[in-house]
Amino acid sequence: MHDQLHRPAITVHDDFTICRCDWCETLLSPDTAVCSSCHSTEISRTGSPGCGSIVSWTVVEVFASRTSNDRVPQTIAIVALDEGPWTYAWITGAPRANGKAPIRVRYHHMIPGEPYPMFVLQATR
Ligand SMILES: [Zn+2]
1 MHDQLHRPAI
11 TVHDDFTICR
21 CDWCETLLSP
31 DTAVCSSCHS
41 TEISRTGSPG
51 CGSIVSWTVV
61 EVFASRTSND
71 RVPQTIAIVA
81 LDEGPWTYAW
91 ITGAPRANGK
101 APIRVRYHHM
111 IPGEPYPMFV
121 LQATR
């Protein structure tokens, strides 16, 4: 007989998940602990297609690797997911504002040891 292991609340895997309130079913950003709608702390994870638009972004300097003192520019953005919640995400490539057209991005992968997912710019047209 095997004991069923309890799964941790946040598992590290390569699917993009966001939070959903167990009580009112509001969809919430991936790092939410308390529902913004009903203040419940009973939050589950649910899969997300990981598509959205950049709300705002900035370029920061990060270490190129754990063993390097070299710094490289990296874009961090606030992404409005198509389902509604906003999330922080690293962006591969440099977003360019194109008039009022939204800058579309798509989930790419989770970075080990990093709380925010990596998104990539989606080709328009
Ligand atoms: Zn709720």
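In the UniProt record's numbering, the protein residues as written are 1 to 125.
Where a beta carbon is used, it is the ideal one built from N, C-alpha and C, also for glycine.
{"Asked": "Alpha-carbon spacing of PRO49 relative to SER36, whole angstroms", "Found": "22 Å"}
{"Asked": "DSSP-derived helix/strand/coil call for ASN69", "Found": "coil"}
{"Asked": "Where MET110 falls: helix, strand or coil (DSSP)", "Found": "coil"}
{"Asked": "VAL62 versus ILE78: straight-line alpha-carbon distance, rounded", "Found": "17 Å"}
{"Asked": "Residue list, Cβ distance to ligand 1 heavy atoms smaller than 5 Å", "Found": "CYS21, TRP23, CYS24, THR26, CYS35, SER37, CYS38 and SER40"}
{"Asked": "Contact under 8 Å by Cβ, ILE111 with SER53", "Found": "no"}
{"Asked": "Pick from CYS51, THR67, PRO73 and ARG45 that is closest to THR58, judged by C-alpha positions", "Found": "PRO73"}
{"Asked": "C-alpha distance - GLN4 paired with CYS21, whole-angstrom precision", "Found": "Because GLN4 carries a pLDDT of 49, less than 50, the predicted location of this residue cannot be relied on, and the following value inherits that uncertainty. Their Cα atoms are separated by approximately 25 Å."}
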